[in-house]
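Okay, so here's the structure we're looking at.
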Amino acid sequence: MSAVFLTALLSAGLIAAVPLLLAALGETFAERAGLLNLGLEGMLLGSAFAGFYVAFNTQSMVAGLVAGTATGLLLGLLFGFLAVSLGVDQVIVGLGITLVAEGATGYLFRDFYGQRFPTLGFSAAKVAIPWLSDLPIVGPALFNQQPLVYLAWLLVVGCAFLLSRTRFGLEVRAAGESPLAADAAGVNVARTRYLAIMLGGGLAGLGGAFLSVGDLNFFVPGMTVGQGFIAIAIAMLGKWRPYRVFLGAVLFGTLRSLSTGLQIIGVDLRPEFVLMLPYVGIIVALIVLAGRTQLPAALGLPYERGQR
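See below:
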C-alpha cells in the first residue's frame with residue numbers, strides 16, 4: 000500500500016471515529032452510573048436530523064451542532080425521567096427511544112423534504128498544525144483535520160479527568176457499583192444518574208450532529224446504521240476508560256472507512272462484505288474478551304432511595 004493510501008485511510012478513519020468516540024464516551028458515563036443506554040442509536044440519529052435541519056435552515060454549522068447536542072441532552076433527560084424517576088426497565092426505555100427516533104426522523108424528513116435529498120451549502124475547513132502536519136503519513140492524517148476532530152480528542156482528556164479525578168466522577172462510579180452504599184454516604188444517586196445520562200446524551204448528540212453536519216453534510220433516514228450499538232460495545236470493550244475507548248473508536252472508524260479505500264485501489268471484494276467488517280470485528284472482540292470484562296455491579300438495576 001502506498002503512503003498516500005495509508006494517509007487517506009487513517010485520515011478518513013479518524014473522521015469516521017468521531018461519532019463513535021463521542022457516543023462511546025457518553026455511554027461510558029451512563030454505564031459507570033449504572034444506566035444501560037440502548038437508546039444511544041436513537042440519540043445519534045435524532046441529533047443528526049436536528050443538527051442537519053437547523054444547519055440547513057440557518058446556514059450555520061455552529062447552530063446545527065448546538066441543536067444536535069441539545070437534542071441528545073433532552074433525549075438523555077427523557078431516558079432519566081423514565082428509567083430513574085419512574086423506574087421503567089432501562090432496556091425497554093432505550094429500545095423505545097431508538098425505535099421512536101427512527102420512525103420520527105424518517106417521517107419528518109419526508110414531510111419536510113419529500114423525495115429530495117438536500118445537502119448543506121458549506122463544509123468544515125481543515126486546520127493544519129504547523130510542522131506536525133508535515134510529518135510523513137501520520138502528519139496529514141493526525142494534524143490536518145477539522146476543528147471538531149481536535150475537539151473530540153480534547154473531550155477524551157476532559158472525560159478521563161472528570162471520571163477519575165473529580166468528586167462527580169467518584170459519585171458516578173459509586174452510583175454504578177453500589178448505589179446503596181453511595182446513598183448512605185450522602186450521594187444523591189438519582190441526581191448523579193440524571194447528570195450522567197444527560198452528559199452522555201449531550202456527547203452522543205454532538206456526535207450525531209457531527210455525522211450529518213461536520214462530516215457528510217447531508218441527512219438520510221437511518222444514516223447511523225447501527226453506530227450507536229457499536230459505540231455501546233466500544234465502551235464495554237474499553238472497560239469504560241476514555242483512553243481505551245478512544246483507541247477502540249479509531250480502530251472501528253478505520254474499519255468503516257476501509258470499504259471505500261479498498262474500492263478506490265481496486266481490491267476485488269464485494270462492498271457488502273467490506274461493510275460487514277466493523278460488525279464482525281465487534282463480534283470477534285466480544286468473543287475474545289468474554290468473561291474478562293467486569294460490568295459495574297448495579298448496571299441496569301433501578302434504585303429507589305431508601306431501599307434495602
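Residue numbers for the sequence shown, in numbering that gives the first Met the number 0: 0 to 307. Just so it is clear, CB atoms sit at the ideal spot from N, CA and C, and this is done for glycine as well.
Can you tell which of the options has its C-alpha closest to the C-alpha of residue i?
{"i": "Val-186", "options": "Val-155, Ala-174, Gly-201", "result": "Ala-174"}
{"i": "Trp-152", "options": "Ala-2, Leu-8, Ala-16, Arg-291", "result": "Ala-16"}
{"i": "Leu-210", "options": "Leu-34, Asn-36, Lys-238, Phe-48", "result": "Phe-48"}
{"i": "Leu-5", "options": "Ile-96, Thr-191, Thr-104, Gly-138", "result": "Gly-138"}
{"i": "Leu-162", "options": "Leu-9, Leu-298, Ala-29, Ala-284", "result": "Ala-29"}
{"i": "Arg-243", "options": "Ile-282, Leu-21, Ser-1", "result": "Leu-21"}
{"i": "Ala-66", "options": "Leu-81, Gly-45, Ala-100, Leu-77", "result": "Gly-45"}
{"i": "Leu-43", "options": "Thr-118, Pro-220, Lys-238", "result": "Pro-220"}
{"i": "Ser-1", "options": "Ile-136, Met-235, Met-60, Gly-95", "result": "Ile-136"}
{"i": "Gln-293", "options": "Gln-58, Leu-141, Leu-236, Leu-37", "result": "Leu-236"}
{"i": "Gly-105", "options": "Phe-142, Phe-218, Pro-277, Ala-203", "result": "Phe-218"}
{"i": "Thr-191", "options": "Trp-130, Phe-80, Phe-111, Pro-18", "result": "Phe-80"}
{"i": "Pro-301", "options": "Gly-280, Asp-88, Leu-8", "result": "Asp-88"}
{"i": "Leu-257", "options": "Met-60, Arg-291, Pro-277", "result": "Pro-277"}
{"i": "Gly-231", "options": "Leu-254, Gly-50, Ala-203", "result": "Reading off the sequence shown, one finds Ile at residue 231, where the question assumed Gly. Ranking the options by Cα distance to Ile-231, first place goes to Ala-203."}
Going by the CB atoms, is the gap between residue j and residue i shorter than 8 Å?
{"i": "Asn-216", "j": "Ser-122", "result": "yes"}
{"i": "Leu-13", "j": "Val-249", "result": "yes"}
{"i": "Ala-183", "j": "Glu-170", "result": "no"}
{"i": "Ser-132", "j": "Ala-296", "result": "no"}
{"i": "Pro-314", "j": "Val-155", "result": "Outside the shown range of the chain, which is 0 to 307, sits residue 314, and nothing can be said about it."}
{"i": "Gly-75", "j": "Gly-201", "result": "yes"}
{"i": "Leu-205", "j": "Leu-64", "result": "yes"}
{"i": "Gly-213", "j": "Leu-19", "result": "no"}
{"i": "Ile-96", "j": "Phe-108", "result": "no"}
{"i": "Gly-207", "j": "Gly-71", "result": "yes"}
Would you call residue i buried or exposed, if buried means 16 or more other Cβ atoms sit within 10 Å of its Cβ?
{"i": "Leu-375", "result": "No statement about residue 375 is possible, as the shown extent of the chain runs from 0 to 307 and does not include it."}
{"i": "Val-333", "result": "The structure shown does not extend to residue 333, since the chain spans only 0 to 307, so no value can be given for it."}
{"i": "Gly-33", "result": "buried"}
{"i": "Tyr-193", "result": "buried"}
{"i": "Ala-282", "result": "Ala is not the amino acid found at residue 282; the sequence shown has Ile there. Exposed, since its Cβ has fewer than 16 Cβ neighbours within 10 Å."}
{"i": "Gln-226", "result": "buried"}
{"i": "Leu-8", "result": "buried"}
{"i": "Ala-124", "result": "exposed"}
{"i": "Ile-286", "result": "exposed"}
{"i": "Val-148", "result": "buried"}
Using a Cβ-Cβ distance cut-off of 8 Å, determine whether residue i contacts chain D.
{"i": "Tyr-112", "result": "The question asks about chain D, but that chain is absent: this structure has only one protein chain."}
At a cut-off of 7 Å, would you count residue i as near the ligand FAD, judging by its Cβ distance to the nearest heavy atom?
{"i": "Leu-169", "result": "Ligands displayed in this structure: none; no statement on the ligand FAD is therefore possible."}
Can you check DSSP and say which residues form a bridge with residue i?
{"i": "Gln-144", "result": "Val-126"}
{"i": "Thr-118", "result": "Phe-217"}
What ranges does the alpha helix (DSSP H) occupy inside the region 164-251, keeping only unbroken runs of at least 4 residues that lie completely in it?
Complete alpha helix (DSSP H) runs here, min 4: 166-176, 178-183, 188-208, 226-236.
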